[in-house]
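See below for the structure under consideration.
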Amino acid sequence: MSDCIFCKMVNGEIQPDVVYEDDQVLAFRDLNPQAPTHVLVIPKRHLSTTNDFQPEDAALAGRLILAAKKVAEIEGLDQRGYRMVLNCNAEAGQAVFHVHLHVLGGRAMKWPPG
Ligand code: AMP
Ligand code: ZN
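Counting along the sequence shown from 1, when you hit position 97 you're at 126 in the numbering used here, and nothing is skipped either side.
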């Protein structure tokens, strides 16, 4: 998707602050962090929302979670704790329409989320 900011990160047009990368996912620091660690994990393939995941994408969905776990280890949060968030569409507050998993940590999290 040529007009998608996260696709531009995948194809190198924009250079994010990369924390982790493999053949299917890219993880980079959020521009407007909401916690001491705030990293976004995205599939390199464009999917607009989690509604676009199909059964054949199960492995890719799993890779997002495994990458988030890796980010938590890199950031030293795996034992302290961290939160994964996937916002889908308007009421959840999705602003960028390329699937991204937020990894948040480094402070105590509230529940329920606002
Ligand atoms: P969401 O509200 O779930 O769609 O989250 C979108 C996230 O993308 C927000 O936390 C933004 O701060 C973040 N974001 C938007 N543009 C950039 C960018 N160029 N680099 C890093 N993070 C970004
Ligand atoms: Zn995209």
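All C-beta atoms, glycine included, are put in the ideal place defined by N, C-alpha and C.
Per the coordinates, the alpha-carbon of glutamate 50 lies some 18 Å from the alpha-carbon of leucine 76. A distance below 6 Å between beta-carbons, with the five flanking residues on each side excluded, links asparagine 61 to no residue of its chain. Burial check for valine 125: the Cβ neighbour count within 10 Å stays below 16, so the residue is exposed. Between the alpha carbons of threonine 78 and alanine 119 lies a distance of about 11 Å. For the pair of segments examined, the region 81 to 94 was found to touch the region 40 to 54: the number of CB pairs separated by less than 8 Å reaches three. Burial is judged here by how many other beta carbons sit within 10 angstroms of a residue's own beta carbon; methionine 138 has fewer than 16 and is exposed. With a threshold of 7 Å, the Cβ atom of alanine 124 counts as near ligand 1, since some heavy atom of the ligand is closer than that. Contact between phenylalanine 57 and valine 68 is confirmed by a C-beta separation of about 7 Å, below the 8 Å threshold.
Taking every protein chain shown into account, the CB of glycine 110 has fewer than 16 other CB atoms within 10 angstroms, so this residue is exposed.
For valine 39, the enclosing alpha helix (DSSP H) has its first and last residue at 34 to 39. Within the chosen limit of 7 Å, ligand 1 does not reach the beta carbon of aspartate 52 with any heavy atom.
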